[in-house]
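J.:
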Amino acid sequence: MTNSPFYQGIQYFKEDLPHFAEYGTQSAIAQDQTAIASATDKKAVYQTLLAADALRYLTLHITATKQSGHPGGFASIADAIAALVMLGHKNIITEVGHHAPGFYSTVFLDQSLEKMGIYTVEDMGNRFREMHGLLGHLSGQIPGLLNPAGPLGQGQHFAMAGAKLHPGTLFPVTIGDGGLGEPYIMSSFGHFNTAYPQATNFLPILVWNGYSQEHHSMVSTKTNQEMIAYWQGNGFQEVILVNAKDYDDSNQPGEYVDSTKFSFAKRLEFTQAVLEATDKAAKSSLGGKLTVLIVKQLKGAGVHKTGSKSHNLYPGDSLDKDYIASALQERALSKEAWELVRSNFSRANGGPNVEVAVTEKELPLPDLGTLPLTEYPVGGDKKVATTAMGELVVHVGKQDPNFIVTNADGNAASGINNINIGLKILHPTTDETYFQQPQGQVYEPLSEDACAGLAVGQALFGARSLWCSYESFAINGLPIWQTVTQAMAELRRETPSTITLFTAGALEQGRNGWTHQRPEVENYFAGMMRNGNVFPLFPCDANSTQACYEWALNTKNKGITITVSKSPLPILTTFDQTKEALEKGGVILHESEGSKKVVFAVIGDMTLIPVFEAAKALEAEGIGVRIVSVINPRRLYRPTDVAWETCTAKDGNFLDDAGFEALFGGDALIGVTGGTSGMLEPIMLRSNVKRDTFAWKRGETTASAGELMAFNGLTADALSARAKGLL
Numbered sequence: 001m002t003n004s005p006f007y008q009g010i011q012y013f014k015e016d017l018p019h020f021a022e023y024g025t026q027s028a029i030a031q032d033q034t035a036i037a038s039a040t041d042k043k044a045v046y047q048t049l050l051a052a053d054a055l056r057y058l059t060l061h062i063t064a065t066k067q068s069g070h071p072g073g074f075a076s077i078a079d080a081i082a083a084l085v086m087l088g089h090k091n092i093i094t095e096v097g098h099h100a101p102g103f104y105s106t107v108f109l110d111q112s113l114e115k116m117g118i119y120t121v122e123d124m125g126n127r128f129r130e131m132h133g134l135l136g137h138l139s140g141q142i143p144g145l146l147n148p149a150g151p152l153g154q155g156q157h158f159a160m161a162g163a164k165l166h167p168g169t170l171f172p173v174t175i176g177d178g179g180l181g182e183p184y185i186m187s188s189f190g191h192f193n194t195a196y197p198q199a200t201n202f203l204p205i206l207v208w209n210g211y212s213q214e215h216h217s218m219v220s221t222k223t224n225q226e227m228i229a230y231w232q233g234n235g236f237q238e239v240i241l242v243n244a245k246d247y248d249d250s251n252q253p254g255e256y257v258d259s260t261k262f263s264f265a266k267r268l269e270f271t272q273a274v275l276e277a278t279d280k281a282a283k284s285s286l287g288g289k290l291t292v293l294i295v296k297q298l299k300g301a302g303v304h305k306t307g308s309k310s311h312n313l314y315p316g317d318s319l320d321k322d323y324i325a326s327a328l329q330e331r332a333l334s335k336e337a338w339e340l341v342r343s344n345f346s347r348a349n350g351g352p353n354v355e356v357a358v359t360e361k362e363l364p365l366p367d368l369g370t371l372p373l374t375e376y377p378v379g380g381d382k383k384v385a386t387t388a389m390g391e392l393v394v395h396v397g398k399q400d401p402n403f404i405v406t407n408a409d410g411n412a413a414s415g416i417n418n419i420n421i422g423l424k425i426l427h428p429t430t431d432e433t434y435f436q437q438p439q440g441q442v443y444e445p446l447s448e449d450a451c452a453g454l455a456v457g458q459a460l461f462g463a464r465s466l467w468c469s470y471e472s473f474a475i476n477g478l479p480i481w482q483t484v485t486q487a488m489a490e491l492r493r494e495t496p497s498t499i500t501l502f503t504a505g506a507l508e509q510g511r512n513g514w515t516h517q518r519p520e521v522e523n524y525f526a527g528m529m530r531n532g533n534v535f536p537l538f539p540c541d542a543n544s545t546q547a548c549y550e551w552a553l554n555t556k557n558k559g560i561t562i563t564v565s566k567s568p569l570p571i572l573t574t575f576d577q578t579k580e581a582l583e584k585g586g587v588i589l590h591e592s593e594g595s596k597k598v599v600f601a602v603i604g605d606m607t608l609i610p611v612f613e614a615a616k617a618l619e620a621e622g623i624g625v626r627i628v629s630v631i632n633p634r635r636l637y638r639p640t641d642v643a644w645e646t647c648t649a650k651d652g653n654f655l656d657d658a659g660f661e662a663l664f665g666g667d668a669l670i671g672v673t674g675g676t677s678g679m680l681e682p683i684m685l686r687s688n689v690k691r692d693t694f695a696w697k698r699g700e701t702t703a704s705a706g707e708l709m710a711f712n713g714l715t716a717d718a719l720s721a722r723a724k725g726l727l
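Per the numbering used here, the sequence shown runs over residues 1 to 727.
#1: Does the beta-carbon of A44 have 16 or more other beta-carbons within 10 angstroms, so that it is buried, or is it exposed?
#2: For F792, count the other beta carbons within 10 Å of its own beta carbon; 16 or more makes it buried, fewer makes it exposed. Which is it?
#3: Once you ignore the five residues that flank I185 on each side, which residues in its own chain have a CB closer than 6 Å to its CB?
#4: With burial defined as no fewer than 16 other Cβ atoms inside 10 Å of the residue's Cβ, what is the status of R698: buried or exposed?
#5: On the criterion of 16 or more Cβ atoms from any shown chain inside 10 Å, does R511 qualify as buried, or is it exposed?
#6: Just the C-alpha distance for P183 and N91, rounded to the nearest angstrom, thanks.
#7: Comparing C-alpha positions only, which one of F189, T646 and F575 sits nearest to A728?
#8: Excluding five sequence neighbours on each side, which residues of the same chain lie with their C-beta closer than 8 Å to the C-beta of H590?
#9: Just to confirm my understanding: we take S704, look at its own chain, exclude 5 residues before and 5 after, and list those with CB closer than 7 Å. What are they?
#10: My understanding is that V394 touches N417, with C-beta atoms under 8 Å, so please give their C-beta distance in whole angstroms.
#11: In terms of residues, what are the limits of the alpha helix (DSSP H) holding C548?
#12: Check the C-beta distance from F13 over to K335 and give it rounded, since I have them as a contact under 8 Å.
#13: Is S595 helix, strand or coil by DSSP?
#14: With distances taken from CA atoms, which of T702, V602, N688 and K597 is nearest L727?
#15: In its own chain, which residues sit with a C-beta less than 7 Å from the C-beta of R743, not counting the 5 before and 5 after it?
#16: Is there a C-beta anywhere in chain B that falls below 9 Å from the one on K424?
#17: Taking 7 Å as the limit between beta carbons, can you name the residues of its chain near K261, skipping five residues before and five after?
#18: Got a sec, what are the start and stop residues for the alpha helix (DSSP H) V393 sits in?
#19: Taking just the CA atoms, how far does K383 sit from L719?
#20: Tell me the rounded alpha-carbon separation between A149 and A450.
#21: Would you check if the distance between the CB atom of T483 and the CB atom of F525 is smaller than 9 Å?
#22: Could you give the C-beta distance for A332 and Y119, rounded to a whole number, given that I count them as a contact under 8 Å?
#23: Go ahead and label T702 buried or exposed: buried means 16 or more other beta carbons lie within 10 angstroms of its beta carbon, across all protein chains shown.
#24: With a threshold of 8 Å, are at least 3 pairs of Cβ atoms found where one atom belongs to the region 275 to 294 and the other to the region 310 to 322?
#25: Would Y443 pass as a contact of V396 if the rule is Cβ separation under 9 Å?
#26: Between G210, L275 and G176, which has its C-alpha nearest G88's C-alpha?
#27: On the premise that A474 lies in contact with V521, defined as a C-beta separation below 8 Å, what is that separation, rounded to the nearest angstrom?
#28: Does the beta-carbon distance from L491 to C468 come in below 9 Å?
#29: Mind checking which residues open and close the beta strand (DSSP E) that includes K690?
#30: Is it the case that the Cβ atoms of H137 and A161 are separated by a distance below 9 Å?
#31: Using CA coordinates, which residue listed in L582, C540 and M528 is at the minimum distance from E550?
#32: Quick test of your reading: V630 and F694, contact by CB under 8 Å. State the CB separation rounded to the nearest angstrom.
#33: Please report how far the alpha carbon of I142 lies from the alpha carbon of D110, in whole angstroms.
#34: Please work out which residues of its chain come closer than 8 Å, Cβ to Cβ, to T607, disregarding the five sequence neighbours upstream and downstream, and give them in chain order.
#35: Can you give me the Cβ contacts of P536 inside the same chain, cut-off strictly under 6 Å, excluding the 5 residues immediately before and after it?
#36: Can you check whether the CB of L113 is closer than 9 Å to the CB of V358?
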C-alpha cells in the first residue's frame, strides 16, 4: 500500500477547469450506482470529457516515461472508452495491441492495477515495459483486462466468445482501421452471427482515425457513406457513425480532425454525441441487433503529434521534451478532477475490473462423468483413431452445453463424422442429411482463423472447446492459438487447456500432392514446447488417442495438440501404456536382443510401419532392436530446457536420465518422424550415442503413403542400412 495520492507522478495540474463548479462537484455515477443515469445529462457529459482527457494524459505520460510505446491510436478513441466506462460497460476487449498503454490507464483509474502493486501514476510509469510489469502489448497477466493483444485481427474472437458465454453482458471490442483488413475480421463476424444470431452482445468499435502505424490506413479514402455501406454489406443491421468533423469550429483541414482542438462548448457537444452513440450502440447490441459503432477522429487526438507520427515514441521522446510537456499541459486536470474521474471509474460496473470483469473468476464447468473409453485388444482389428476419439468428444458435448467443436467443414473427411452425428453442425437450416441444426455444437466456418479463434477464445474465457483441422491447413489458425497459449501461461487463474485434433497428416495426403502436405507446422509446436505449457501429443493408435484426449481434458492452462491419422491402423498399445508414455515421454513397443542394439525413436503412427519392417531385416542379421513410440516429446527435455516454472499451471515433470537411458540407451539411435525434425530435438539433445534422424523433406503427388515415405527416404531399407552404418 501507499499513503501517497494516486496522482503522484503527474507533473502538471490546472488550478481550475471551466464549468467544474457547475458539473464537477458530484460524481456522475452516484456512490450506490454502477453507471450514469442518462447519456444526455450535462454532468455525465462533462465528466466523460474529463475522463477522456485523463486517459490521454496517462497514456502519453507512461509512454514518455520510458520514451517508448504507442499513445496515438488509443488517443483517437479515448472518448468512446470513457463513454463505455461511464455507461457501466467495462468488459472491454481490443484487437489492437498498440492500445495497451491506454488500456492500462483505464484499469489504473478504476484501481485494478493495485492488485499488482501499482498505486500511483509514478508506479505505473516505473512498471511500464518492465519485466513482471505492464508489457508493451496486452498479455494475460494484467488485472482487470480481458484479453491478450499483439497480432492484429484477433480481438473479435474474444468478444464473440464472451458474448456466447455471457448473454446479457456487453463485450465492446475496439478495431483499428489500420488492422481492418487483417485476416479475417469481417468473415468471422459473419459466420458467428449466422451461427449464433441471438448472441449480438458484442460491439465492434471501429477506430477510424485515418492512419495505420506508418502511413494512411487503406480505408482512409472511403467516404462516410461507403464505410457505412461496407458494414451494412457485411450484415450489420445498425451502423452508428460519429464524425468529429461535424463539430469542428477550429477550421482543421482534411476529413480527420482532433476534437481536443475545438472550443470547449463544441468539445462538450462532440462528447455528448459519442456518449449518446455509445449508449445507443450498446442497447442495440444487447437488444438483438448486430451493431457497430464507428468513431471518426484523427489519430493522435489530444497527444503530442497527430497522424502516424503519433503512433509510437522513440528514444528522446521524454517527459521533458517540449512537445510532450506541452501536450500534457493542455490535457492537465485539477486534482479534484482527477479524484472525480477515479471515483467514476471505480464505481462503474460495480467496482474495479479486477473484481467484476467476467474473466476475473473461473467459469463453472459441468462434471463430465465417466468417459466412454473403448480399449481395443492389442493385435486385433485395425481401428481409425480419430473415430475412437470422436466418441469421447460427443460425450463431452452432451455433458457440457458450452462445449464446441470447430472445424473448417471437414469432420466427415477426418473420420470424425460421429461428432457431427452426435453434436450436430451449427447451421440455421435444419437438414438431417447433413446432421445440421440451429442448436448444434459443431462450428464450421471455412476459415481456420475463425475455427481456432472461437475455440481458443472459449478456452481463455474458461470454457471447453476442441479445434479440429487437417495438419496441413492448421497453419492459418495458429497465430491466435499461439497468442492464447502464451496468455494461458501467464494467467492469474486456471482455465481449460486449449486442445486441438490435427488429422490427415502429410503421409495420408499423397494423392492430393504438396498442397495438402505441410507437416512443417510440427516445427511450430516443437519451438513452442520450450514455453513450458505446450504439449504436442502423437498417439500411435486408437487406444493411445483416447488416453491422450482423456489426459488433455483434465489439464489446465496448456496448449495441447493431438496429431493422429484418419486411416485404419493396428492396435499397438493398451491404455496403461499410453498413460505411462504421457508421463515418461514414450513407450517401448518392441524389443529384441542381439549383438548390438539399435533404438528407433518414432513420432507418429504411420511412420511405425517401415520401422517395424526395418526391425525384421536387422534382427535377421542378429542385431537387437528397440522401437519406442514417442507420444509426449515435451517430457523428454531436461527441466532447464523449458520455462515451466513461470507457468500458471506448473508442470515440471520431465524424464530423468535413468528413465531416458532405459528408453533410448543403446549402440545407435535413429529418430524417425513423418513430420519435421524439430520435434526430435529433446531426444537428440540428450542422447550420447551415434545417432541420426529421418524426417519429412518435401511433398509430392503419390498413389500411397508408402510411396510418399519412399520419396522422403522413409523406407525399411534406408532405415536398416543407416542403422548398420551407425553400428
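Here a beta-carbon is modelled for each residue, glycine too, at the ideal position from N, C-alpha and C.
T.: Looking at the atomic coordinates:
#1: Burial is judged here by how many other beta carbons sit within 10 angstroms of a residue's own beta carbon; A44 has at least 16 and is buried.
#2: As shown, the chain starts at 1 and ends at 727. That puts residue 792 outside it, with no answer to give.
#3: Counting only Cβ-Cβ distances below 6 Å, and skipping sequence neighbours, we find G153 and Q156.
#4: Flag for R698 reads exposed.
#5: Counting the other Cβ atoms within 10 Å of the Cβ of R511 gives fewer than 16, which makes it exposed.
#6: About 24 Å.
#7: The requested residue 728 is not part of the displayed model; the chain covers only 1 to 727.
#8: Closer than 8 Å at Cβ, skipping near neighbours: F612, A615, V625, R626 and I627.
#9: The residues G510, in chain order, have a CB closer than 7 Å to that of S704 in the same chain once the five nearest residues on each side in sequence are set aside.
#10: Cβ atoms of V394 and N417 stay farther apart than 8 Å, at about 11 Å.
#11: Note, C548: alpha helix (DSSP H), A542 to L553.
#12: That belief holds up - the Cβ atoms of F13 and K335 are roughly 6 Å apart, short of 8 Å.
#13: The answer is coil: DSSP assigns S595 none of H, G, I, E or B.
#14: With distances taken between Cα atoms, L727 lies closest to K597.
#15: Outside the shown range of the chain (1 to 727) lies residue 743, about which nothing can therefore be said.
#16: Protein chain content of the structure displayed is limited to a single chain, and chain B is not contained in it.
#17: S250 and Q252.
#18: Where V393 is concerned, the enclosing alpha helix (DSSP H) starts and stops at A385 to Q399.
#19: Each residue's Cα considered, the two are about 26 Å apart.
#20: Approximately 16 Å, taken between the alpha carbons.
#21: No, the pair does not count as a contact, with Cβ atoms beyond the cut-off.
#22: The Cβ separation is near 21 Å, so there is no contact.
#23: Answer is buried; the Cβ neighbour count reaches 16.
#24: Counting C-beta pairs with one atom in each stretch, the region 275 to 294 and the region 310 to 322 have fewer than three that are closer than 8 Å, which means they do not touch.
#25: Against a cut-off of 9 Å, the Cβ pair of V396 and Y443 comes out as no contact.
#26: Of G210, L275 and G176, the residue nearest in Cα terms is L275.
#27: The distance from the Cβ of V521 to that of A474 is about 6 Å, consistent with a contact at the 8 Å cut-off.
#28: In this structure, the beta-carbon distance from L491 to C468 does not fall below 9 Å.
#29: Note, K690: beta strand (DSSP E), K690 to F694.
#30: Not a contact, by the Cβ cut-off of 9 Å.
#31: Taking only the C-alpha atoms, the option nearest E550 is L582.
#32: Incorrect: roughly 13 Å between the Cβ atoms, too far for contact.
#33: I142 and D110 have their C-alpha atoms some 13 Å from each other.
#34: So the list reads L507, V672, T673, G674, M709 and L714, once near-sequence residues are dropped.
#35: F525 and T561, listed in sequence order.
#36: By the CB criterion at 9 Å, V358 and L113 fall outside the cutoff.
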